[in-house]
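Have a look at the structure below before the remarks.
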Amino acid sequence: MSHLNSSFLSAYNSLADKHLAGYFNNTRIRRHLQRAGLITRSGGIVPEKELRLKLIRRDHQRRIRACLSQAIFHKVLDIERHRRIEIKRKLEDFARKEHVHKMKV
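Going by this note's numbering, the sequence shown opens with residue 311, and the numbers climb by one from there.
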């Protein structure tokens, strides 16, 4: 019997339940469902397969953005490190030239 209930619950879609239609017609709830991608603007229910694909794409885009931002951050750090090394080298060259100039005078 519990197996029967679990299969029934897994197939249950609350968006299609006629007893909850009044709840889902609430403007605030409807807007939330649209933003979550569960329903279309016209009020149609988005198929589960399509929703999963959309969520997978969204997750993939987030991961790509995270990787890109991390790569940009590391590149900026690398550029800054090279800039500091160049400044340090120029200061050392200048100090060496000053030292040589003082020795000549």
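Cβ coordinates follow ideal geometry from the N, Cα and C atoms, glycine included.
Everything numeric in this text was worked out from a predicted model, so none of it was measured.
The alpha helix (DSSP H) enclosing residue i, as first and last residue numbers
i	result
S379	E358 to K414
H342	T337 to A346
A331	A331 to F334
Residue i versus residue j - alpha carbon distance
i	j	result
A376	K400	36 Å
R368	I374	10 Å
Y338	N323	At residue 338 the sequence reads Arg, which differs from the Tyr that was named. C-alpha separation (whole angstroms): 20 Å.
S379	R406	40 Å
H329	N336	14 Å
E396	I349	57 Å
H411	K398	20 Å
Cβ pair residue i, residue j closer than 8 Å
i	j	result
L325	I355	yes
G347	K364	yes
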